[in-house]
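> Numbered by full-length UniProt numbering, the letters in the sequence shown go through residues 1 to 373 in order.
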Amino acid sequence: MTLRQPPTGSAAASRWGRQMQQRRRRQSPALQMTKPPFRRRNAAGGSRAMTDEPIATDPVARIAVALRRHFVAHPGYDAAQELFRELWQKRLAELDLGQPSEGRGIAIIGESGSGKTTAVRRILHQQAFADTDPGELRWISLRVPTPATQKDLARAILRALEFPIVRDSTASRMWDLVNFHLHLRKTWFVHLDEGQELGGRGSDTERAAVINALKSLMQIPDWPINLIVSGTPELHDLLAKDPQLSRRFFVVRFHPVTELDARDDVLALLEHYAAFAELRLGADLADVEFIPRLIHAGREQFGIIVEFLIGAISRALSAGRAELRCGDFAEFYAARTENAFGRNPFTAADFRTVPTGRSQLVDEPTPKPRRRR
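Below you can see the structure in the form of structure tokens.
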């Protein structure tokens with residue numbers, strides 16, 4: 001597909017947008033007809049189309065998926081949701097009065113596994129945009145490419161806007177397309193996940209170009225974009241390096257979950273999840289040290305703790321038991337981290353000394369020696 005420069009002027013832009021929508025409608029039936037039916041191997045080695053027969057799903061897998069869909073708010077969730085609501089109301093008022101102002105941003109910062117990405121997606125999906133017309137995208141969500149060059153980031157945004165780039169072009173022309181299609185699709189919010197990658201691994205010039213591109217999104221004439229960027233603590237350092245960018249951002253931190261402030265909440269979550277799966281809590285889960293063990297195993301990160309709960313419940317159900325035990329957590333931890341059983345925080349007497357990062361059994365790649373110039 002040849003890259004086309006979007007026309008300037010409201011009348012020409014609207015005409016161009018209608019032409020693109022008509023072309024997509026003409027192409028869609030053919031694309032649907034060429035898609036083959038999903039086929040599954042049978043016992044005799046043949047295959048049969050899955051168009052007239054429901055797929056039997058494993059009940060344990062169904063419960064695990066249902067538990068993952070059950071959203072539990074992190075303490076930082078309410079703050080992020082309130083800021084999002086403020087920006088949403090601000091955009092509504094600007095459109096009503098015809099007085100757009102520069103976009104703002106929300107930075108959701110937390111360690112890996114803190115639940116920030118799930119929280120952002122929940123906020124976006126929960127928001128009702130009753131006035132959305134067909135073809136409009138009030139928000140898009142994408143993962144920052146690695147490395148985050150100007151062109152790669154523009155390509156990722158265009159893909160999220162359902163405008164894939166086949167042929168390459170200059171970064172300037174691609175960002176012109178980004179600005180045009182954000183306006184065409186009436187997009188209000190752009191969510192960039194793994195935002196710490198915006199710092200890039202390239203030159204200082206390339207990093208500055210990416211930051212300038214983000215600022216330009218928030219300053220699109222007549223259609224400024226609000227950004228939601230989620231990432232690890234390195235994201236805060238990135239924002240702090242550019243005062244013009246940081247002044248446009250509100251920062252919400254997803255702090256670690258500790259024994260002191262979240263013990264009762266984690267216990268209530270354990271009881272709720274077990275009840276949903278119709279499992280009794282074993283006597284060993286009533287031990288005063290179990291919740292601290294669970295929090296330590298989850299690296300004090302909310303999302304990882306939830307992952308351990310679901311993993312242990314799946315182990316108990318797969319074993320055909322009606323009781324959830326500490327051993328289920330120990331087995332899931334060993335499978336997830338490949339740690340030796342003796343270095344398991346669910347079994348070790350001195351569990352607080354057990355490192356819960358990457359497995360020490362996994363060999364780190366040997367760095368290649370640098371050649372001297």
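Just so it is clear, CB atoms sit at the ideal spot from N, CA and C, and this is done for glycine as well.
#1: Secondary structure at Ile140, three-state DSSP: helix, strand or coil?
#2: Per DSSP, what are the beta-bridge partners of Ile228 in this structure?
#3: So the beta strand (DSSP E) Phe163 belongs to, where does it begin and stop?
#4: Starting from the C-beta of Glu194, find all residues in its chain whose C-beta is less than 7 Å away, skip the five residues before and the five after it, and write them out in chain order.
#5: Excluding sequence positions up to five away, which residues of its chain have a Cβ less than 7 Å from the Cβ of Thr356?
#6: Across which residues does DSSP place Glu271 in a beta bridge pair?
#7: Using DSSP with H/G/I as helix, E/B as strand and the rest coil, what is Leu279?
#8: List the DSSP bridge partners of Phe249.
#9: Check whether the segment 65 to 73 and the segment 181 to 200 are in contact - that is, three or more C-beta pairs closer than 8 Å.
#10: Quick check on the DSSP output: the alpha helix (DSSP H) that includes Asn179 runs from which residue to which?
#11: Hey, quick one: how far does the alpha helix (DSSP H) through Asp96 stretch, first residue to last?
#12: Is Arg173 near the ligand ATP, judged by its Cβ being under 7 Å from some heavy atom?
#13: For Ala275, count neighbouring C-beta atoms within 10 Å of its own C-beta (all shown protein chains included) and say buried if the count is 16 or more, exposed if not.
#14: When you compare only the Cα positions, how much space is there between Gly199 and Ile108?
#15: Under a Cβ-count criterion, where at least 16 other Cβ atoms within 10 Å of its own Cβ denotes burial, should Glu162 be classed as buried or exposed?
#16: Verify whether the separation of the beta carbon atoms of Ala322 and Leu279 is less than 8 Å.
#17: Which of helix, strand or coil does DSSP assign to Glu323?
#18: In whole angstroms, what separates the C-alpha of Gly303 from that of Arg155?
#19: Measuring straight from C-alpha to C-alpha, what distance separates Ala283 and Leu239?
#20: Just to confirm my understanding: we take Leu227, look at its own chain, exclude 5 residues before and 5 after, and list those with CB closer than 6 Å. What are they?
#21: What residues in its chain sit with their C-beta under 7 Å from that of Leu317, if we drop five residues either side in the sequence?
#22: Are the Cβ atoms of Arg138 and Thr146 separated by less than 8 Å?
#23: In angstroms, rounded to a whole number, what distance separates the CA positions of Arg185 and Arg159?
#24: Applying the criterion that 16 or more other CB atoms from any shown protein chain within 10 Å of the CB defines a buried residue, is His125 buried or exposed?
#25: Using only the alpha-carbon positions, how far apart do Leu235 and Ala349 sit?
Reading off the structure:
#1: For the purposes of this step, residue 140 is taken as the residue at position 140 of the sequence shown. In the structure shown, Ile140 sits in a strand (DSSP, three-state: E or B).
#2: If you number the sequence shown from 1, residue 228 lands on position 228. Here Ile228 is bridged, per DSSP, to Ile106, His191.
#3: Stepping through the sequence shown from its first residue, residue 163 is reached at position 163. Counting along the chain, Phe163 sits inside no beta strand (DSSP E), nor does DSSP assign it H or E at all.
#4: Indexing the sequence shown from 1 puts residue 194 at position 194. So the list reads Arg143, Val144, Gly231, once near-sequence residues are dropped.
#5: The sequence position of residue 356 within the sequence shown is 356, counting from 1. Excluding positions up to five away in sequence, the list reads His296, Ala297, Arg299, Pro345.
#6: Position 271 of the sequence shown, counted from the start, is the residue given in the question as residue 271. According to DSSP, Glu271 bridges with nothing at all.
#7: In the sequence shown, counting from the first residue as 1, residue 279 sits at position 279. Reduced to three states, the DSSP call for Leu279 is coil.
#8: Here residue 249 refers to the residue found at position 249 of the sequence shown. Gly105, per the DSSP bridge assignment.
#9: Touching, no.
#10: Reading the sequence shown from its first residue, position 179 is the one you call residue 179. 171 to 184 is the span of the alpha helix (DSSP H), which, as asked, contains Asn179.
#11: Indexing the sequence shown from 1 puts residue 96 at position 96. Segment 77 to 97, the alpha helix (DSSP H) holding Asp96.
#12: Although the ligand ATP was asked about, the structure shown includes no ligands whatsoever.
#13: Here residue 275 corresponds to residue number 275 of the sequence shown, with the count starting at 1. So Ala275 counts as exposed.
#14: If you number the sequence shown from 1, residue 199 lands on position 199. If you number the sequence shown from 1, residue 108 lands on position 108. As the crow flies, the alpha-carbon of Gly199 is around 16 Å from that of Ile108.
#15: Counting from one through the sequence shown, the residue named residue 162 turns up at place 162. Glu162 is classed as exposed because its beta carbon has fewer than 16 other beta carbons within 10 Å across all chains shown.
#16: One-based indexing of the sequence shown puts residue 322 at position 322. One-based indexing of the sequence shown puts residue 279 at position 279. It is a contact, given that the beta carbons lie within the stated cut-off.
#17: Residue numbering aside, residue 323 sits at position 323 when the sequence shown is read from its first letter. Judged by DSSP in its simplified three-state form, Glu323 adopts strand.
#18: Residue mapping note: residue 303 aligns to position 303 of the sequence shown, counting from 1. Residue mapping note: residue 155 aligns to position 155 of the sequence shown, counting from 1. For Gly303 and Arg155, the gap between their C-alpha atoms comes out near 30 Å.
#19: If you number the sequence shown from 1, residue 283 lands on position 283. If you number the sequence shown from 1, residue 239 lands on position 239. When the Cα atoms are used, Ala283 and Leu239 turn out to be separated by approximately 48 Å.
#20: Here residue 227 corresponds to residue number 227 of the sequence shown, with the count starting at 1. Result list for Leu227: Gly105, Val190, in chain order.
#21: Here residue 317 corresponds to residue number 317 of the sequence shown, with the count starting at 1. When the five nearest sequence neighbours on each side are left out, the beta carbons in the same chain lying within less than 7 Å of the beta carbon of Leu317 are those of Val60, Ile63, Ala277, in order along the chain.
#22: Locating residue 138 in the sequence shown gives position 138, counting from the first residue. Locating residue 146 in the sequence shown gives position 146, counting from the first residue. Their beta carbons are not under 8 Å apart, which means Arg138 does not touch Thr146 by this criterion.
#23: Taking the first residue of the sequence shown as position 1, residue 185 is located at position 185. Taking the first residue of the sequence shown as position 1, residue 159 is located at position 159. Their backbone Cα atoms lie some 13 Å apart in a straight line.
#24: Taking the sequence shown and counting its residues from 1, one reaches residue 125 at position 125. Under this definition His125 is an exposed residue.
#25: Locating residue 235 in the sequence shown gives position 235, counting from the first residue. Locating residue 349 in the sequence shown gives position 349, counting from the first residue. Those two C-alpha atoms are separated by around 37 Å.
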